[in-house]
Each structure stands twice: as C-alpha cells, then as structure tokens.
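Participant: The structure follows.
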Amino acid sequence: MEFMIFRGAPYRHDWVTDLIEDVGGFIVSIDLTSTEVVMIFAVPKEGVSKIEDMVKIVHGELMPAPLTGIEIIMVSPSYARHHAPVPHCNLIEGLRESGAKVNSLVMGRGVGLTISQMSAMERLAIEEHDIAIFMFGCFEHCIREYKLKMVEKLKIPIVVMAYPKLEVEMSNITYVSGLSRMLMSFKKGNEKTRLNRVMDAVLETADGLKGELEDDPPILPPIYLKQAIEGEVQDLNMCIAPFPVTLKTDGVRVKLPYANFAEDIMGIELVEGKTISDVADVTPSHDDQILVRVHRESASGSLFGW
C-alpha cells in the first residue's frame, strides 16, 4: 500500500474517494471544510497512476504521506515561551503534513537539572505511542548526565533534539544537535534546515519500525482493522475527538471509553469466524481509551492460514 495526501477544493472530491475504493484502497481520514478538503488515504502501488490522473482532473494536489499509520508524541519540558512553543509547534506541523498522528505532552516536572523527572503516568502515555520526540536544552552536562538517563529506559524508539553535539550510544535513541528552545520562525533558510534534520531523523526511525514489521508483520494489517471497527461501532459517528480510530504501526487506538466499548470491539467478526479478540490484544490506555494491538505472525501464524 502507498499512503498519500490529497489536498484540493471540496467540489468533486468524491470522484477521488470513489476511485480510491474502486482500486482497492482505503480512506484513512477526511478533513472537510467549506473551502478545502484534506484526505489521507492508502492505495495499492498499481493504482497510484490512476489516482494521479484523477487528481489532475479535479485540479487538486497529491503528496506522499510517509508517516501515515505512525502515532508520535512530542514531549517538551514546558510550554513557557522560553522553552517550547515555536520549535514544538512547527515540528508538529511538519509531522502532520507527512501524515503522522501527533500528540503533544508537556511534562509536569520537565524543567531543571536535578529536579526534572518523568512520572509513571507520563511514562505510560509516552510508551503507548510508536515514536517519542523529546526537546531538551543547551547544556551538555545537563543532557548527558540527567535528561538522556531519564528517557533511555523507555521501550519505544526516541528522537532527542537539543543544541550541543553529543555522541549517544543508546540503541533506541536518535540524537539531533543544533536545535533547541529557540525563538525563531523556522520558515526560512538555516532555520528550516535545522527543522528538516529532525524530520529526517523521524523518517529514518519510522523506516526502522517499518523494516521490523516487514520481518515479522502483524497477522492483520491495521488499516483493515480500522475499517472493520468503523463499520461496526456506530458510536464512533458521535465521537468529537479527531481521528476516532487512529492508525498505529501494530494496531489502532479507539477513542471511546474502554469500560463501555471494549467487549463490543473484541466481538467484531473479521474473517473465517475469527473475531478481534482472536487476533489482537485489547487493553485500556492511560486515559481509558481502547488500544488494539495485533498479534505478530511469529506468535500466531497467518490469519488466512488458520
């Protein structure tokens, strides 16, 4: 599957959606306003040329979405003006334009040298995501001796951006220097280049995750799981949260209360009499949403081979 983003006028955008379904593709999300529609979708490689031809007909724009299906969390020490907002928000904007679902977290005690710490709740929230991005400061001693040690035990891939140049040997950490809590627009020249270096590090980390999935893939692609849940759980139509069913590398996040809807989701039938509970682990998230993580083929075999 190739993930792409369509951007254009609402007029005749349904031509594009119909063609996506005709070639065997899936709609990941649609953001429709009175003047513009932004649609993230997936199509088989052999159907890309047909989509490109249709986009020309409706005078739209087509862009690759390499981070679609990856849930990222952006972590900053605080939202104070001298700590986070400009690089934090500009990086999130760039990640979302590449198709990622990005959540933002500000640590309760992230500021300072010896007093900074990560709570158990923050750790749980971060580890529910596929990739975490941390933004630290400008002092080498603080980052090396305190901040990196605070995040190194997290069980997911991490991208750390800070100002000093460091050699980081932790296998799960990609370190990007030259970017920190700077008050600049990140829209021109050298500023944009610095931000692009972080984007490149995230893309490289995402490629690593995709490589692991190719070696041991889920027994059911998450996008099929997303479609099955959206087709059966009608309460999602009343959910006001953005992306009520969010794609992840190994499953989906369903933004409904676990206590009320978990059993309904577990009982959704997929193929050959198998339900979601047969092919995935359904667990509550830190805020009582529903996490559905699909089993790997190495543990459960092929779904269609049962």
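For reference, each letter of the sequence shown is one residue, going 472 to 777 in this note's numbering.
By construction, the Cβ of each residue, glycine as well, lies at the ideal position given by its N, Cα and C atoms.
1. Residue 561 CB to nearest chain C CB: under 7 Å?
2. Who pairs with residue 717 in a beta bridge, going by DSSP?
3. So, using beta-carbon positions, are residue 514 and residue 544 closer together than 7 Å?
4. Put residue 704 into one of helix, strand or coil per three-state DSSP.
5. Which runs of the alpha helix (DSSP H) at least 4 residues long sit entirely within the region 598 to 681? Give them in chain order.
6. What residue range does the beta strand (DSSP E) around residue 534 cover?
7. If you reduce the DSSP assignment to three classes, tell me which class residue 543 lands in.
8. Take residue 622 and list the residues in its own chain whose beta-carbon comes closer than 8 Å to its own, dropping the five residues that flank it on each side.
9. For residue 756, which residues from the same chain have a beta carbon less than 6 Å from its beta carbon, with the 5 sequence-adjacent residues on both sides left out?
10. Using the three-state DSSP reduction, which class does residue 463 fall into: helix, strand or coil?
11. Does the region 717 to 724 come close enough to the region 692 to 706 that 3 or more CB-CB pairs lie under 8 Å?
12. To the nearest angstrom, how far is it from the Cα of residue 611 to the Cα of residue 730?
13. Closest to residue 536 by CA distance: which of 559, 476 and 667 is it?
14. Would you say residue 732 and residue 500 are within 7 Å of each other, going by their C-beta atoms?
15. Let me check understanding here. Comparing Cα to Cα, which of 568, 607 and 658 lies closest to residue 637?
16. Give the DSSP-derived three-state secondary structure of residue 752 in the structure shown.
Facilitator: This is what the structure gives:
1. This model lacks chain C altogether; it includes just one protein chain.
2. 724
3. no
4. coil
5. 619 to 622
6. 532 to 535
7. strand
8. 589, 603, 605, 629, 631 and 644
9. 599 and 762
10. Here the chain covers residues 472 to 777 and nothing more, so residue 463 does not appear.
11. yes
12. 46 Å
13. 476
14. no
15. 607
16. strand
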